[in-house]
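I have placed the structure first, in the form of structure tokens, so that the comments after it can refer back to it.
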Amino acid sequence: MELSTFLFLFGFLPLVGAAYFLIPARFRQTRNALLAVFSVLFYAAGGLRLIPVLCAAFLINYLGGLLAGRPGRGGRWGCTAAIVANLLLLSVYKYAGVFTGAARALGVSLPVPAGLLPAGISFYTFQGISYLVDIRRGNADAQKNPVKLALYLFFFPHLVAGPIVRYREMEAEIDSRRESVALFAAGMRRFCFGLGKKVLLANTFGQIAGKAFTGPTPLSAGLAWVGALAYTLEIFFDFSGYSDMALGLGNVFGFHLPENFDRPYLSRSVKEFWRRWHMSLSRWFRDYIYIPLGGNRAGTGRYIFNILAVWLLTGLWHGAKGTFVLWGCWYGLLLLGERFLWGRWLEKLPSFCRWAVTMLAVIVGWMFFRAGTAQEAVSVIGNLFGIGCGPEDGRTTYLLLEYWPEWAAGLLACVPLKDLLSRRLKPGTRSLTASLAALAVLALCYMALMDGSFNPFLYAQF
Amino acid sequence: MKQKRHAKITWDTVFLCLVCAFFLLAALWTALRPKAFWSYFENRSLTPRPALTRETVVDGTYFQELEKHLCDNAAGRKYALGLSTWIDLELVRRPVVNEVVVEKDMLLAYNGYEKLDEQAMADCAAQEAERLGRLARLTESWGGTFLYVAVPSHYAYFAQRYPGWLNNREPYTALSKELFFSALDSQNVPWLDVGEVWSRDGAPTDYMSATDHHWTLAGCLSAYREILRALESRTGQGLEALTGENARTVTLPNSFLGSRGRKLLGLWDTGERLSYLEPLESVPFTRRDNGQEAAPSVFSFPASDSETLQYGFYMGGDIPETVISTDRPQLPSLLIYGDSFTNLLETLMYYSFDTMYSIDLRGYTEMPLLSYVEAHRPRVVVCVRDYEQLLNLSGNGNID
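Chains as they are written, first to last, in numbering that gives the first Met the number 0: chain R, 0 to 461; chain S, 0 to 399.
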């Protein structure tokens, strides 16, 4: 199930909300158990066939956590075994196709596991690994209560698409959070705005990108730009909208999940972009891969290796496809370039130019990310610069004129408009204005949900 | 300070009450309202409630289908669709709304952008012409005559009305006509291009509907006269036609909701009305639809002046088989087949023939058209298709 579906909004959410708040706050563990059960049901709506995977992930991390908490070699081995088991589970479902393909190329026939990729497996696998490592490092205690651990791993708002939460960020709130009207209202407002980003903007930009990239080829340069910009906005509103929904729902139930986006398209360097985009994933790679490898303190050669390794893994985390690897390498190289080649020169440029260069790099990166093959990506990137195509065709004008309200809203939503407006409003009217705007967005989403069937969610596939 | 906090909490409480009420009411209303099976304005079946089985719950398809069912049956869906269309039409003024290009006085079809595959088109043209050649030769084997009538599609007739950045399919239309007509010539199949007839008439705007994708009575009459002239010259029989002297034009007061007006949920009105031609001296006839006795009328009259009409007013819409017998054995018999453009034409054609067989191969499954023609041996066979369908080998393109 996804957070932007009718079934969730008007079935699951009212049900879990009513059941949760009918239980008095003093029965904290009952509330936790209820959330854990509903989280499993939330996942099961995608098919009961997914439940064994969830159970396996739970057992690995529960037992692994208990072992990792033991002192000495036993603890270390227990932790390592559980991490390996987590990665094996991920590999079986996410990368089995690649392994069996490679084996076939070597003349070895291996069975391909049946079934689709379980939604969100990369997210809860990484949460599990962070939990095990944190215990081993002494930053957290193993959770003996299976309900509490299940709630941490599978809490439905972040189950399918993050943010990737560290155990110690949720640990205290599992036992002693405080739900309140103000937090509930703030959470619902954020949820409504996130839903709006997803349903009103991301879905429309998805359609624009689809129309631009799936029509007759070659694309004109204008159309390639329209498609590239639409995809750039789609992926941002899709993922940040989902993150807003997750954080908002977290607030509703008294949790404070970590932020995942901080206006990434205002960045003026690639490094800054990755401090603002999918922050919980960047943080995970920094804390569990990059720094343990030595970070930037082990010499230039080692630093280059660390950066490339981290970005290769980041690409692979998104999927077992060559284009994801290329996308990861693209960022690895850009970060190295910023550090050693053009970083100083870039800093001397006016702010707008730095922003433009960064956005160009990001947009080109998304073309690798989106493409089915490297050839397709190179062809579209060529079209962006007018290689092998004309400057413009009718489709470009059509896609700009037809969707002008979404283009305008999308571009405005990338800038800190909310903060500017909020500052201009009197403190007393802020909440009222935000509430009215949230209700209007909710009503528009309701209309859009029953009007169109196009409601994919990009990051659920990771 | 305390007052401000109190005000915030109050607004928060009101907001939460409204949001919770919205979620609960929408959920309850959706769950309790009677479920619909058909969406009239969208012209499609709504997703039925899926069957709860072990397999569908295990593989997840149950909840996927339930989601579609709920979206299709959501509380207030009809009003929400109307509001959404109104916003697109009046507020943000999108050039294309619900796949309809909204011009000042006309609703045009939105055509996706396409790349022509000349070889595939040529193959289709040759294949279709070969089929029609067989039909023409079969008809001629008992002294009958065959005529293929190509009618401009709405988008082709109004190609110049499209903004330059939208696809009016001019290259497709030109190429398909060129390929198809030369293929017909190579098979010695006689054909008539109504587009040329209308060009000679000065291409009047009122030959095609402003809210529907079909022709109007005026456009159809122009084609009808040319078709009868062509048939007369080939059969040598004096086919009496309906004219301004032996018939009168009647315009219905009802508002006309064309196929495009329907897509816009009836929110766009051109003021267009339906007309029909009524013989001054009526010809009595019997009518059978799909083998069953039917009311002897070629029109589906509305119950009242306030009822909205559609193109289905003519002949009662697309019916797989209709036979109209006027019991005038001195006149030849006619078989007319094709897509819904035939409906309006048939309300005129029956007048000139003894028996008129009307077949729509999109719905007729009793026997192949060639067998039907062989069985009834009509003296005249007319195929009517619009430019978009010239190369379409299925439906009325499939006579075998």
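All residues carry an ideal CB built from backbone N, CA and C; glycine is no exception.
Hey, is residue i's beta-carbon within less than 8 Å of any beta-carbon in chain S?
{"i": "R/T396", "result": "yes"}
{"i": "R/R48", "result": "yes"}
{"i": "R/L204", "result": "Note that residue 204 of chain R corresponds to Phe in the displayed sequence, not to Leu. R/F204 does not count as touching chain S."}
{"i": "R/V180", "result": "yes"}
{"i": "R/E375", "result": "no"}
{"i": "R/G342", "result": "no"}
{"i": "R/S430", "result": "yes"}
{"i": "R/P13", "result": "yes"}
{"i": "R/F453", "result": "Caution applies to R/F453, whose pLDDT of 46 falls short of 50 and renders its modelled position unreliable; the value that the coordinates give is listed next. R/F453 does not count as touching chain S."}
{"i": "R/A32", "result": "no"}
Could you have a look at residue i and say whether DSSP puts it in helix, strand or coil?
{"i": "S/Q291", "result": "strand"}
{"i": "R/V39", "result": "helix"}
{"i": "R/N454", "result": "In this prediction, R/N454 has a pLDDT of 47, which is less than 50 and means its spatial position is unreliable; nothing more can be read from the coordinates."}
{"i": "R/E178", "result": "coil"}
{"i": "R/L218", "result": "coil"}
{"i": "S/C382", "result": "strand"}
{"i": "S/Y39", "result": "coil"}
{"i": "R/G327", "result": "helix"}
{"i": "S/I318", "result": "coil"}
{"i": "R/G381", "result": "helix"}
{"i": "R/L431", "result": "helix"}
{"i": "S/F255", "result": "strand"}
{"i": "S/I323", "result": "strand"}
{"i": "R/F367", "result": "helix"}
Give me, in chain order, the residues of the same chain whose beta-carbon lies closer than 7 Å to that of residue i; leave out the 5 immediate sequence neighbours on both sides.
{"i": "R/A55", "result": "L88"}
{"i": "R/S462", "result": "In the structure as shown, chain R starts at 0 and stops at 461, and residue 462 of chain R therefore has no counterpart that could be examined."}
{"i": "S/F298", "result": "Y275, F312, Y313, T346"}
{"i": "R/L53", "result": "V39, Y42, F153"}
{"i": "R/Y402", "result": "T203, I207"}
{"i": "R/L334", "result": "V269, K270, I306"}
What residues in its chain sit with their C-beta under 8 Å from that of residue i, if we drop five residues either side in the sequence?
{"i": "R/L131", "result": "N60, G63, G64, A67, C78, A81, I82, N85"}
{"i": "R/G321", "result": "T372, A373"}
Beta-carbon of residue i versus every beta-carbon of chain R: anything under 8 Å?
{"i": "S/V380", "result": "no"}
{"i": "S/W37", "result": "no"}
{"i": "S/N166", "result": "yes"}
{"i": "S/G265", "result": "no"}
{"i": "S/D58", "result": "yes"}
{"i": "S/A119", "result": "no"}
{"i": "S/P189", "result": "no"}
{"i": "S/T12", "result": "yes"}
{"i": "S/T29", "result": "yes"}
{"i": "S/L137", "result": "no"}
{"i": "S/A73", "result": "yes"}
For residue i, collect the residues of the same chain with a Cβ closer than 6 Å to its Cβ; drop the 5 residues on either side in sequence, then sort them by chain order.
{"i": "S/V13", "result": "none"}
{"i": "R/G409", "result": "L200, L232"}
{"i": "R/R69", "result": "none"}
Judging by CA-CA distance, which residue of the options is the nearest neighbour of residue i?
{"i": "R/A436", "options": "R/A185, R/L340, R/F254, R/E1", "result": "R/A185"}
{"i": "S/V57", "options": "R/F153, R/A44, R/L53", "result": "R/A44"}
{"i": "S/T60", "options": "R/G46, R/N250, R/L152, R/V225", "result": "R/G46"}
{"i": "R/G74", "options": "R/L116, R/V107, R/Y42, R/D140", "result": "R/D140"}
{"i": "R/F9", "options": "S/A74, S/R53, S/D116, S/S152", "result": "S/A74"}
{"i": "S/L31", "options": "S/W37, S/T204, S/L23", "result": "S/L23"}
{"i": "R/S266", "options": "R/S350, R/P215, R/L256", "result": "R/S350"}
{"i": "R/D392", "options": "R/R353, R/A223, R/A376", "result": "R/A223"}
{"i": "S/H153", "options": "S/C123, S/Q126, S/P377, S/G194", "result": "S/G194"}
{"i": "R/E172", "options": "R/R135, R/F192, R/A160, R/L148", "result": "R/L148"}
{"i": "R/S281", "options": "R/H317, R/R353, R/G253, R/L383", "result": "R/H317"}
{"i": "S/L51", "options": "S/F40, S/E102, S/L65, S/I323", "result": "S/L65"}
{"i": "R/D174", "options": "R/R353, R/A24, R/P13", "result": "R/A24"}
Q) Which residues, in chain order, does the region 146 to 179 of chain S contribute to contact with chain R at a C-beta distance below 9 Å? A) P162, G163, W164, L165, N166
Q: Scan the region 216 to 234 of chain R for residues whose Cβ lies nearer than 7 Å to a Cβ of chain S and list them as they occur along the chain.
A: none
**Q.** Selection of the region 37 to 66 of chain R by Cβ proximity to chain S, strictly under 9 Å
**A.** A43, A44, G45, G46, L47, R48, L49
Q) the region 97 to 116 of chain S: which residues have C-beta closer than 7 Å to a C-beta of chain A, in chain order? A) This model lacks chain A altogether; the protein chains it does include are R and S.
(Q) To be precise: take each residue of the region 15 to 29 of chain S, compare its Cβ to all Cβ atoms of chain R, and keep it if any distance is under 8 Å. Which residues remain? (A) L15, L17, V18, C19, F21, F22, L23, A25, A26, T29
(Q) Which residues of the region 410 to 427 of chain R have a Cβ closer than 7 Å to any Cβ of chain S? Give them in chain order. (A) P426, G427
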